[in-house]
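Chains as they are written, first to last, in the UniProt record's numbering: chain U, 1 to 299; chain Y, 1 to 216. Don't be surprised by glycine CBs; every beta carbon is placed ideally from N, CA and C.
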Amino acid sequence: MSKSVIETPPKGGFSFDLCKRNEMLSKKGVNPPSFRKTGTTIVGLIFQDGVILGADTRATEGPIVCDKNCEKIHYMAPNIYCCGAGTAADTEAVTAIVILLCLCSDMVSSQLQLHRYHTGRESRVVTALTLLKRHLFNYQGYVSAALVLGGVDVTGPHLHTIYPHGSTDTLPFATMGSGSLAAMAVFESKYREGLTVSSPIPFFWSLIFLFQRNEGIELVTEAICSGIFNDLGSGSNVDICVITKGGKEYLRNHLQPNPRTYTSSKGYSFPKKTEVLLTKIIPLKEKVEIIEGGDAMEE
Amino acid sequence: MPPFLVGKARVSLVFASFTMTKQQANWSPYDNNGGSCVAIAGADYCVIAADTRMSTGYNILTRDYSKICKLYIYQHQHNKQMSCPAMAQLLSNTLYYKRFFPYYSFNVLGGLDNEGKGCVFTYDAVGSYEKVGYSSQGSGSTLIMPFLDNQLKSPSPLLLPAQDAVTPLVEAEAIDLVKTVFASASERDIYTGDKLELVIVNAAGIRREYMELRKD
Numbered sequence: 001m002s003k004s005v006i007e008t009p010p011k012g013g014f015s016f017d018l019c020k021r022n023e024m025l026s027k028k029g030v031n032p033p034s035f036r037k038t039g040t041t042i043v044g045l046i047f048q049d050g051v052i053l054g055a056d057t058r059a060t061e062g063p064i065v066c067d068k069n070c071e072k073i074h075y076m077a078p079n080i081y082c083c084g085a086g087t088a089a090d091t092e093a094v095t096a097i098v099i100l101l102c103l104c105s106d107m108v109s110s111q112l113q114l115h116r117y118h119t120g121r122e123s124r125v126v127t128a129l130t131l132l133k134r135h136l137f138n139y140q141g142y143v144s145a146a147l148v149l150g151g152v153d154v155t156g157p158h159l160h161t162i163y164p165h166g167s168t169d170t171l172p173f174a175t176m177g178s179g180s181l182a183a184m185a186v187f188e189s190k191y192r193e194g195l196t197v198s199s200p201i202p203f204f205w206s207l208i209f210l211f212q213r214n215e216g217i218e219l220v221t222e223a224i225c226s227g228i229f230n231d232l233g234s235g236s237n238v239d240i241c242v243i244t245k246g247g248k249e250y251l252r253n254h255l256q257p258n259p260r261t262y263t264s265s266k267g268y269s270f271p272k273k274t275e276v277l278l279t280k281i282i283p284l285k286e287k288v289e290i291i292e293g294g295d296a297m298e299e
Numbered sequence: 001m002p003p004f005l006v007g008k009a010r011v012s013l014v015f016a017s018f019t020m021t022k023q024q025a026n027w028s029p030y031d032n033n034g035g036s037c038v039a040i041a042g043a044d045y046c047v048i049a050a051d052t053r054m055s056t057g058y059n060i061l062t063r064d065y066s067k068i069c070k071l072y073i074y075q076h077q078h079n080k081q082m083s084c085p086a087m088a089q090l091l092s093n094t095l096y097y098k099r100f101f102p103y104y105s106f107n108v109l110g111g112l113d114n115e116g117k118g119c120v121f122t123y124d125a126v127g128s129y130e131k132v133g134y135s136s137q138g139s140g141s142t143l144i145m146p147f148l149d150n151q152l153k154s155p156s157p158l159l160l161p162a163q164d165a166v167t168p169l170v171e172a173e174a175i176d177l178v179k180t181v182f183a184s185a186s187e188r189d190i191y192t193g194d195k196l197e198l199v200i201v202n203a204a205g206i207r208r209e210y211m212e213l214r215k216d
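Listed below in structure tokens is the structure:
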């Protein structure tokens, strides 16, 4: 005697059931809840044999900072990382292997992992690029994620930018987010072709490599700092990720140029402010019977 | 003691509607420049403070804009030092004259009254004012006001007698409170930051202090 309700498993993808209701509500003047946007500065640049990605760490909800130290550099593959600007949930959902956010058909990084199992090879940056742009184009710009994708694979270092509608660019240096103009100003004045030209003196290779890498990190830090101090949507700390053929180096909070300016020495107490106006205690009837003897649990 | 005026400009953006209905105005004379200001009245002092950042949209226009000004004109016209309640009324009238095209400015007036007690008046954009013990206005006021309420106001008007409009804090404690409040507001409000300008008015005179705030 079973009921005729068949339990169907929940479908993947977005559910558009509430669209009509939302339209009706917005006509009546009810505003939809605001999304947590990342007014952001994200940058990437290619240097000798590698890619450096940088990002700030502030997430804003309108004029209020909701996260002072969030992570904007997301993992895609061991040799590929992606910075995201736009709606925070979207950038995370698109790139992460977080199981909860199964709104989209697949997470790109888990897709890459499956692809790696299938092919038996290291993932290529263009693979990640194609998967991401297909996903974003599919949603016609509604998944509001602007990404800077960088990595090193067998074909060399690559850097791409991906826009919310699905278009992409391949660049030697790139910036995205509300602070992109400030960061691009730094890159345009200080980026050197020398950072990507191979050294003519192989004997000093390692020294020059180190010098170029540090120069690259310095330049990226400077660009992000420019975004942090001149753009109100970006702030707090600088995150850096250096990807080379040998591996990756994720420098979380590489620079922290914004410590708290003043902490009171005496501190503040918060006395209980809820005043008790009336106390009324109603004893509940006994509902539990206590059975004496411990035989019930013995095997 | 001549009173001090701290003000903020506020935004009013008129969005154009791109449908078949009548097209609305695309240009607005108002712009939001952000920032916050606070004033606390004590038994024999008054602390007035504001940040010095002026911004528009996501950009910073200047990091060093003083929002606190001292008012002299009454003294020239009436040949006597202006009292705080008189100034309060003057400001209210000035704002109300522009009732139908307002100065979009949210003000806090602070100073000492004739007896030397601190007094703070808080305004809205069209001149409605009230004498209070402390007040804050601006983009950070939603973050600052609850903290001031918690620390300075009595818990509930139902049980305890209503407190005097003047806070029981000592001057040094009030300054500490203001600094803490601005440091916290600049952590979470993107429009508040750069530098804090403090003006302390007491029987000895007027003193200005500056404190660095977050610059990001």
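Query                                                                                                                                       : Result
Cutoff 8 angstroms; reference residue 221/U; Cβ partners in own chain excluding five residues on either side                                : 54, 238, 240, 254, 255
Beta-carbon proximity list for residue 169/U, same chain, < 6 angstroms, skipping 5 on both sides                                           : 161
Chain Y contacts from the segment 212–235 of chain U (Cβ-Cβ distance under 7 angstroms)                                                     : 228, 229, 230, 231, 232, 233, 235
Interface flag, residue 151/Y vs chain U, CB-CB below 8 angstroms                                                                           : yes
Which listed residue (227/U, 212/U, 64/U) has its alpha carbon closest to that of residue 185/Y                                             : 64/U
Assumed close pair residue 87/Y, residue 109/Y - CB separation to whole angstroms, cut-off 8 angstroms                                      : 6 angstroms
Coil, strand or helix - residue 131/U by DSSP                                                                                               : helix
Inter-residue Cα distance where the pair is residue 172/U and residue 159/U                                                                 : 7 angstroms
Between the CA atoms of residue 182/U and residue 164/U - distance to the nearest angstrom                                                  : 21 angstroms
Identified DSSP bridge partners for residue 138/Y                                                                                           : 36/Y
Residue 227/U (DSSP reduced to helix, strand or coil)                                                                                       : helix
Those runs of the alpha helix (DSSP H) which lie wholly inside the segment 87–152 of chain Y and span at least 4 residues                   : 141–152
Separation of residue 229/U from residue 61/U, as counted between CA atoms                                                                  : 18 angstroms
With 16 other Cβ atoms within 10 Å as the buried cut-off, status of residue 146/Y                                                           : exposed
8 angstroms Cβ cutoff, residue 125/U in contact with chain Y                                                                                : no
Cα-Cα separation between residue 167/Y and residue 197/Y, rounded to whole angstroms                                                        : 21 angstroms
Given 8 angstroms, three or more beta-carbon pairs between the segment 72–87 of chain U and the segment 258–274 of chain U                  : no
Host beta strand (DSSP E) of residue 212/Y (start-end)                                                                                      : 205–212
Proximity test, Cβ basis, 8 angstroms: residue 260/U and chain Y                                                                            : yes
Cβ contact check for the segment 191–205 of chain Y and the segment 50–67 of chain Y: 3 or more pairs under 8 angstroms                     : yes
Rounded straight-line distance, which links the Cα of residue 282/U to that of residue 261/U                                                : 51 angstroms
Beta-carbon contacts of residue 215/Y that lie in its chain and below 8 angstroms, excluding the five residues immediately before and after : 63, 193, 194
Beta-carbon proximity list for residue 157/U, same chain, < 6 angstroms, skipping 5 on both sides                                           : 46, 50, 51
Neighbouring residues, chain Y, relative to residue 270/U (Cβ below 7 angstroms)                                                            : 150
Chain-order list of residues whose beta-carbon lies under 6 angstroms from that of residue 184/U (same chain, five-residue window excluded) : 175
Within 8 angstroms, strictly: CB atoms of residue 143/U and residue 132/U                                                                   : no
Cα-Cα separation, residue 249/U to residue 128/U                                                                                            : 20 angstroms
Cβ neighbours of residue 243/U in the same chain (closer than 7 angstroms, five flanking residues each side left out)                       : 50, 51, 79, 81, 150, 151, 152
Selection from 204/Y, 121/Y, 136/Y that minimises the alpha carbon distance to residue 89/Y                                                 : 121/Y
CA nearest to the CA of residue 304/U, picked from 201/Y, 189/Y, 123/Y, 208/Y                                                               : The first residue shown for chain U is 1 and the last is 299, placing residue 304/U beyond what the model contains.
Straight-line Cα distance separating residue 115/U from residue 107/U                                                                       : 12 angstroms
Any chain U beta carbon closer than 8 angstroms to residue 99/Y                                                                             : no
Cutoff 6 angstroms; reference residue 252/U; Cβ partners in own chain excluding five residues on either side                                : 239
Residue 180/Y at chain U interface by Cβ criterion, 8 angstroms                                                                             : yes
Minimum Cβ-Cβ distance from residue 176/Y to chain U less than 8 angstroms                                                                  : yes
Residue range of the unbroken beta strand (DSSP E) whose run includes residue 145/U                                                         : 145–153
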